[in-house]
Amino acid sequence: MPSRHDEFNHANMNSHAHRVIAALNREQVDYLDKIGKDAQFSSGVKLTRTQILAAMVNALKRLNLTGDGVTTAEQFEQRIVDAMMNRIRGGR
């Protein structure tokens with residue numbers, strides 16, 4: 000019987016995954032680790048940094064975000080927040 004960990008991997012990672020190197024600061028890495036540990040303590044399944052980042056990318060895809068017109072990371076971050084807030088308010 001597959002574990003919940005295996006089910007998460009199967010549902011969110013396709014068999015043709017590509018390795019991506021990301022340069023994150025200490026605060027960002029600590030936050031990813033906190034999410035993984037929160038999941039482990041509350042559900043018994045620890046999410047890896049890779050699983051968390053993949054889930055974030057999938058969430059951005061669901062918001063239909065693109066990089067059109069974006070010139071800075073900060074601008075894209077604000078676009079993400081705006082899209083999430085719009086979604087919460089019932090917009091599409």
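First residue of the sequence shown: 0, per numbering that gives the first Met the number 0; consecutive thereafter. Cβ atoms here follow ideal geometry from the backbone N, Cα and C, with glycine treated the same way. Quick caveat, the model's predicted, so the values are computed rather than measured.
Euclidean distance between Cα positions of residue i and residue j
{"i": "Val69", "j": "Asn24", "result": "22 Å"}
{"i": "Asp37", "j": "Gly66", "result": "31 Å"}
{"i": "Gly43", "j": "Gly35", "result": "10 Å"}
{"i": "Leu64", "j": "Ile79", "result": "7 Å"}
{"i": "Met0", "j": "Lys45", "result": "Reliability of the predicted coordinates at Met0 is poor, the pLDDT of 47 falling under 50, and no value is obtained from them."}
{"i": "Ser41", "j": "Thr71", "result": "36 Å"}
{"i": "Asp32", "j": "Gly89", "result": "31 Å"}
{"i": "His15", "j": "Asn85", "result": "33 Å"}
{"i": "His9", "j": "Arg61", "result": "With a pLDDT of 47 at His9, under the threshold of 50, the modelled position of this residue cannot be trusted; read the value that follows with caution. Computed Cα separation, rounded: 18 Å."}
{"i": "His17", "j": "Ala58", "result": "18 Å"}
{"i": "Glu6", "j": "Gln74", "result": "Note that Glu6 has pLDDT 49, beneath the 50 cutoff, so the model's placement of it is unreliable and the number below is only indicative. Taking the straight line joining both Cα atoms gives about 35 Å."}
{"i": "His52", "j": "Ile87", "result": "Sequence inspection shows Leu at residue 52; the His mentioned does not correspond to that position. For Leu52 and Ile87, the distance between alpha carbons rounds to 22 Å."}
Neighbourhood of residue i by C-beta, 8 Å cutoff - its chain only, sequence neighbours within 5 removed
{"i": "Asp81", "result": "none"}
Same chain, Cβ closer than 7 Å to residue i, neighbours up to 5 away in sequence not counted
{"i": "Met55", "result": "none"}
{"i": "Thr47", "result": "Gly35"}
Contacts around residue i, its chain only, beta-carbon distance under 6 Å, and the 5 residues preceding and following it disregarded
{"i": "Gln39", "result": "Lys45"}
Distance cut-off 7 Å: residue i Cβ against heavy atoms of the ligand NAP
{"i": "Val56", "result": "Absence of the ligand NAP is noted for the structure shown, with no ligands found whatsoever."}
### Query
Fully enclosed by the region 16-78, which alpha helix (DSSP H) runs are 4 residues long or longer?
Taking only runs of at least 4 residues, the alpha helix (DSSP H) segments lying wholly in the region 16-78 are 25-42 and 48-61.
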